[in-house]
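The listed protein sequences correspond, in order, to chains A and B.
With the first sequence counted from 1, adding 5 to any position gets you my numbering.
With the second sequence counted from 1, adding 19 to any position gets you my numbering.
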Amino acid sequence: MKHTLAVLVENKAGVLSRVSSLFSRRGYNIDSLAVGVTEDPDISRITIVVHGDDHVVEQVTKQLNKLIDVIKVSDIGGEEAVERELALIKVAADANTRAEIIQIANIFRARIVDVAPKSMTVEITGDEGKVQAIEKLLRQFGIKELVRTGKIAIVRGSKKV
Amino acid sequence: MTTGSTEKVNGARAVIKCLEKEGVDTLFGYPGGQIIPFYNELYDSDLRHILVRHEQAAAHAADGYARATGKTGVCVSTSGPGATNLVTGIATAYMDSVPIVALTGQVPKFLIGNDAFQEADITGITLPITKHNYLVQDAEEIPRIVKEAFHIASTGRPGPVLIDLPKDIQNVEFDLHYPDKVELRGYKPTFKGNTQQIKRAAEEIAKSCRPIIYAGGGVISSNASAELVELAETILAPVTTTLMGISSIPTEHPLYVGMLGMHGCKYANYAIQESDLIIAVGARFDDRVTGKLESFAPNARIIHIDVDPAEISKNIKVHVPIVGDAKQVLKSLIKYIKRCNSAEWIEKINQWKKEYPLGYSQMSPDVVMPQFVIEQIAEACKDAIIVTEVGQHQMWAAQYFKYITPRTFLTSGGLGTMGYGFPAAMGAKVGRPDKTVINISGDGSFQMNSQELATVVQNDIPVVTVILNNGYLGMVRQWQELFYDRRYSCTCIKGSVDFVKLAEAYGALGLRAEKPSEVRPAIEEAVRSGRPAIVDVIVECEANVYPMVPAGAAINEILDQEEQ
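As structure tokens, then:
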């Protein structure tokens, strides 16, 4: 089962490697990871999607909490949360296919961020399923390059992690 | 936030001043190019520095000092190879939760990342084996970092902390303010156990007829021995200890059933298997203790007291977890408990004790049995600090010495580091000069750090090493005998060195015992001499450690010598 952990850490050099090395050392698998600074410039937030049963996730959480630079760990996967990923997809495109690609992008409320004679780049934001769906549809045109971020997530309502 | 007095110092001097503020009196270390500024300032300081002969020994000595005294040990090395040589010692301290602070020199900041001469990424290397580590980026951070390092090392679940000091930072002058307190929002260990949980534990205890207390190293590190004994006596429960928990209760205490696990006493393993309640204190259900997890203590409810929440339900499901310092939790728990209905249980255990005593047989006349040597040390050196290396001698020292007070059995339990004992004994003796310190060693382990003979002689540290010399890497040989068809691949080390001459070459006392009658006099002479000494005891070369639970078996599936 997948869990989404929101990990608040000190915004300092080396903290990400402390977190990621903990995962490799203890044999936990990271599905995705995203990191960035929060509303407090001294605090960064790492969103980790981890695969495992409740026992594994409990251990991951406890081990993360042991790191001195980790301030707080919350499992927000089970709660009502808004989850987003972003992908940039460079698709092969010419005069014949360009219109159809634009149409698909519109349906997904994706944006065309670059156009060139033989390609278009589509920016898509959404949950994992949405990103996967557009990727599947664009594959028929030939995906030249695809880059995606890890998932970020925020709890709905006025509650903070 | 800061104390009143400030003074202008360089980074190196600042480190020394901060160490003094933390109450450090002794360092174990070895200089080198990138730590010269520190040693230059040390020259004018009152701190005692023990110059080792290999940095690994500095880390082990700091560890031995810490275990024997309860204070934080400090070791120092230069960058690169100096720092990497500390690694085994740091890992040893990490696995056994020993508070040490390691200071390493580093190449100047502008060279970091350039593969400079003697550069190693020691904070990266030690990431998984330290509780925390620091690469100092600015001299002004030094006071805060040193303060935090000692706080982190010594509180909660103790452990090693490393501070990497670039050379240029050691030379920067600044105004030193030493902070009064530490502010770490990500580090708030729980000391006091949850009262509700403590009451639940008391209810479990009240219901139990076959309770057993399973005590680990946490009892020793939190100085909770008196509370442990009080708990056992109040509820009338037997106490078994892990290797790390040895000396938390006197060996001769009537409720003590010895060590459990792979080389535990039969009656300890039987007792834990048949118990209906396990009270685990500062222990972590290690694989050497539980054997096959599925068959471990099938009928027992489990109360687990540990300062590290990550240990709770890590290996085995716990019914009543209590996170907190062992001493604090036991103190509160004792208020809620009374005697269990366990008289019959105790009688049964005493019966097992009679039926399955620890023992060995004389394999041939006139040969010295290794277990006999430990018994002789126990009689000749009562309440000495016993330090061990790793292997058969370590298990015999755990089984046959009679421990009286806590912090008198120092051993590498988690990492199992051969070469730990001699330098750790040196550190213990420096920290506890009032105690006799005996390093019980094998002929294999001793050669992993025998260069420290120079250190003990030069600094007049009268540690006695008793080598149980069987000409083999005995524990591996034992496994080869039992599980690999007696194919003694690469375990015979007969004729390595004349340990008596080796001792003498360094200026230490060297003695040899080859017959049982020579053992006691040699040990006594070595202790009486007041000098660093080696007693080389030629022992039966194929003696085995029993009882033994084969790896992966249930802990009541025990091999014993008469069955072989």
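Note that the Cβ used here is the ideal one computed from N, Cα and C, for glycine as well.
One thing to note: residue 464(B) has its Cβ no nearer than 8 Å to the Cβ of residue 490(B). Annotation for residue 118(B): 85, 91, 172, 173 and 177 place their beta carbon closer than 6 Å to its own, counting only its chain and skipping 5 residues before and after.
Relative to the Cα of residue 137(B), the nearest Cα in the group 379(B), 103(B) and 163(B) belongs to 103(B). In chain order, 67, 70 and 71 make up the part of chain A whose C-beta sits under 9 Å from the C-beta of residue 328(B). Excluding sequence positions up to five before and after residue 305(B), its CB lies less than 6 Å from no other CB in the same chain. Neighbours of residue 50(A) in chain B, taken as residues whose beta carbon is under 8 Å from its own, are absent, since the nearest beta carbon is some 14 Å off.
Where residue 389(B) is concerned, the enclosing alpha helix (DSSP H) starts and stops at 389 to 399. When Cβ-Cβ separations below 8 Å define contact, residue 550(B) makes no contact with chain A. Contact check for residue 115(A) against residue 127(A) passes: the beta carbons are separated by less than 8 Å. Nearest to residue 268(B) by alpha-carbon distance, out of 281(B), 250(B) and 283(B), is 250(B). The C-beta separation of residue 484(B) from residue 400(B) comes to about 13 Å, leaving the pair out of contact by the 8 Å criterion. With respect to the 8 Å criterion, residue 9(A) and residue 117(A) are not classified as neighbours on the basis of their beta carbons. Contact with chain A is found for residue 204(B), since one of that chain's Cβ atoms lies less than 8 Å from the residue's Cβ.
Secondary structure within the stretch 118 to 206 of chain B: the alpha helix (DSSP H) runs of 4 or more consecutive residues, fully enclosed, are 141 to 144, 161 to 173 and 186 to 190 (chain order). At least 8 Å separates the beta-carbon of residue 216(B) from that of residue 326(B).
A residue is called buried once 16 or more other Cβ atoms fall within 10 Å of its Cβ, and residue 281(B) is buried on that count.
By the criterion of a C-beta distance shorter than 8 Å, residue 59(B) is surrounded in its chain by 31, once the five residues flanking it on both sides are discounted. The continuous beta strand (DSSP E) containing residue 532(B) extends over residues 528 to 532. Interface residue (Cβ-Cβ distance to chain A less than 8 Å): residue 146(B) is classified as such. DSSP places residue 337(B) in the coil class of the three-state scheme, outside both helix and strand.
In this structure the stretch 406 to 413 of chain B touches the stretch 439 to 450 of chain B; the number of beta carbon pairs closer than 8 Å is three or more. The straight-line gap separating the alpha-carbon atoms of residue 468(B) and residue 514(B) is approximately 18 Å. For residue 151(B), the neighbours in chain A by C-beta distance under 7 Å run, in chain order, 73. When the Cα atoms are used, residue 45(B) and residue 157(B) turn out to be separated by approximately 26 Å. Listed as beta-bridge partners of residue 323(B) by DSSP are 299(B) and 340(B). Around the beta carbon of residue 189(B), a 10 Å sphere encloses 16 or more other beta carbons of the protein chains shown; the residue is thus reported as buried. Secondary structure of residue 27(B) (DSSP, three-state): strand.
Its chain contains 87, 88 and 404 as the residues whose beta carbon lies nearer than 8 Å to that of residue 451(B), once the 5 sequence neighbours on both sides are disregarded; these appear in chain order.
Residue 142(B) reaches chain A at 19, counting residues in chain order whose Cβ is nearer than 8 Å. For the stretch 328 to 349 of chain B, the set of positions with a beta-carbon nearer than 7 Å to some beta-carbon of chain A reads 328, 329 and 333 in chain order.
Under the 10 Å beta carbon count, residue 82(B) is surrounded by 16 or more other beta carbons and is classified as buried. Fewer than three beta-carbon pairs drawn from the stretch 474 to 481 of chain B and the stretch 114 to 128 of chain B are found closer than 8 Å, and the two stretches are therefore not classed as touching. For residue 257(B), the closest C-alpha among the options 318(B), 194(B), 372(B) and 336(B) is that of 372(B). Closest in C-alpha terms to residue 68(B), from the list 219(B), 39(B) and 299(B), comes 39(B). Considering only beta carbons, the part of the stretch 155 to 184 of chain B lying closer than 7 Å to chain A consists of 171, in chain order.
Of the residues 529(B), 418(B) and 557(B), the one whose Cα lies closest to the Cα of residue 271(B) is 418(B).
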